[in-house]
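Take a look at the structure set out below.
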Amino acid sequence: MVSVRVLSLLGTILTAVSMQPALAHAGQVGSAIATMHKQDSLPRVLVLATGGTISGKADTRSAIGYDAGAVSGQQLIAGVPGVEKLAQLQVEQVSNIASQNMNNQVWFKLAERIRQAFAKNEADAVVITHGTDTMEETAFFLDNVIRVSRPVILTGAMRPSTAISADGPANMYEAVKVAADPQARGRGVLVVLNDAIQSARGVSKMHTTELQTFHSPNLGVVGYVDPATVRFITAVKPRQPLALPVDHMLPQVQIVYGHADMDARQIDDAVKDGARGIVIAGMGDGNVSDTALAGMERARKAGVVVVRSTRVGSGFTNRNVEVDDDRYGLVASMDLNPQKARILLQLLLANGKTTPEDIQSAFQAGL
Ligand code: DGL
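Per mature numbering (1 follows the signal peptide of the UniProt record, and there is no 0): the sequence shown = residues -24 to -1, 1 to 343.
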């Protein structure tokens, strides 16, 4: 764990004292110490690096290929000029993986480290560097289990650190800038890339390659960050975090993708596999074939919770439109896409919520 502040200040003092002896008079040393005092007044931001393209390096495999996670968090920070003027930075490498490999173990490590850092007052905010593929899921998981008001910001990049016009350094700078801003307190976990500040609940990766891939189609952005300001455009909302499962286990919840000619095989197989929940990525407003609906009814009779979401990238999945949720004991995911509905259902089941009524009200509580 290396403090960027100490390194940069040592450089300042050594330059003042050793490079040109004539300069090593009280004035120069004094200004270096003044710099140290100024830095001491900056917010303390703990950077937890997990890997992803932001720390990726181009490789010879192909023109666009790269190895995510090839650069450490420390090296990442070193490549962001001026960031040390925003905050006192401490960098820790939690993992170094492409985020398609993100997993529950890293999630629980992040949650416990964040809770510990805030409980021991080691940091005023946390920035997590992360791959973009599953960033929305990690953000949503943490948003549902972190109980403190201090900012937790996730950021990443769509181009590796070695690419022409790499976007990582600017995203990193903006993430630290938002984390260090008092306005970010009490807003839960946020995602900051490309000047946009987005909520963990609302944000989703909507394009495979675009820099501006993250959008919040149902809830909209919550603010903007630019070289001059950090500006929030929504009010702070009350939050009802869930308890982090003490055994660090999340129940099995499977996602079944809807399509033309849909049958019930995957639904029946999920029940046989011991799934405690099934999320349907349904067609349109969370619709399924009659055959699949019969499978969902069998799953309900086997005690499996079934949530209807949608494969469509935006819009709400509402109760009792084309599917009689009341009759079949189903849950409608409202604004949540399938991957987030799965996470919320896992956490609710782990917290002892098992009836469709309790689970439905929890899905609506965050709105
Ligand atoms: N492999 C993807 C990931 O780590 C790259 C996407 C990115 O980080 O931009 O999520």
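Note that the Cβ used here is the ideal one computed from N, Cα and C, for glycine as well.
It should be emphasised that the depicted structure is a prediction, and the values quoted were computed from it without experimental measurement.
N-terminal and C-terminal residue of the alpha helix (DSSP H) that residue 344 is part of:
Since the first and last residues shown for the chain are -24 and 343, residue 344 lies out of range.
Quick one: does the C-beta of GLY28 sit closer than 8 Å to a heavy atom of the ligand DGL?
yes
Would the stretch 73 to 93 count as touching the stretch 18 to 33 if we require 3 or more Cβ pairs under 8 Å?
yes
By DSSP, does THR131 sit in helix, in strand, or in coil?
strand
Would you say GLN76 touches the ligand DGL, meaning its beta carbon is less than 8 Å from a heavy atom?
yes
Who are the Cβ neighbours of ILE129 in its own chain at under 6 Å, not counting the five residues just before and after it?
VAL103, ALA151, VAL154, ALA155, LEU166, VAL168
Top-ranked residue by Cα proximity to VAL67, from ALA99, SER175, ASN79:
ALA99
Exposed unless 16 or more other CB atoms sit within 10 angstroms - verdict on ASP157:
buried
Do LEU323 and VAL255 come within 9 Å of each other at the CB atom, strictly closer than that value?
no
Judging by CA-CA distance, which residue of GLN15, THR286, LEU325, GLN315 is the nearest neighbour of THR110?
GLN315
In its own chain, which residues sit with a C-beta less than 6 Å from the C-beta of GLN76, not counting the 5 before and 5 after it?
ASP109
Looking at the ligand DGL, does it come within less than 8 Å of THR131, judged from the CB to the closest heavy atom?
no
With a CB to CB cut of under 6 Å and the five nearest residues on each side skipped, what residues in its chain are close to PRO145?
GLY55, VAL56
For the ligand DGL, I want to know if MET134 counts as a neighbour, meaning its beta carbon is within less than 8 Å of at least one of the ligand's heavy atoms.
yes
Rounded to a whole number of angstroms, what is the C-alpha to C-alpha distance between VAL(-8) and LEU18?
With a pLDDT of 44 at VAL(-8), under the threshold of 50, the predicted position of this residue should be treated as unreliable, though the coordinate-derived value follows. Distance between the alpha carbons of VAL(-8) and LEU18 is about 25 Å.
Is GLY107 near the ligand DGL, in the sense that its beta carbon is under 8 Å from a heavy atom of that ligand?
yes
Buried or exposed (CB count within 10 angstroms, at least 16 for buried), ALA39:
A caution first: ALA39 carries a pLDDT of 46, below 50, which makes its placement in the model unreliable, though a value can still be read off. Looking at its Cβ environment, which holds fewer than 16 other Cβ atoms inside 10 Å, ALA39 is exposed.
Counting along the chain, where does the alpha helix (DSSP H) carrying LEU324 start and finish?
314 to 326
For a test of your reading of the model: does the CB of MET148 fall under 8 Å from any non-hydrogen atom of the ligand DGL? Yes or no.
no
Host beta strand (DSSP E) of GLY305 (start-end)
Looking at the DSSP string, GLY305 is not in any beta strand (DSSP E), and its letter there is neither H nor E.
With 16 other CB atoms within 10 Å as the buried threshold, where does HIS191 fall?
buried
Grab me the residues of ASP239's own chain with a C-beta within less than 6 Å of its C-beta, minus the 5 sequence neighbours each way, in chain order.
THR267
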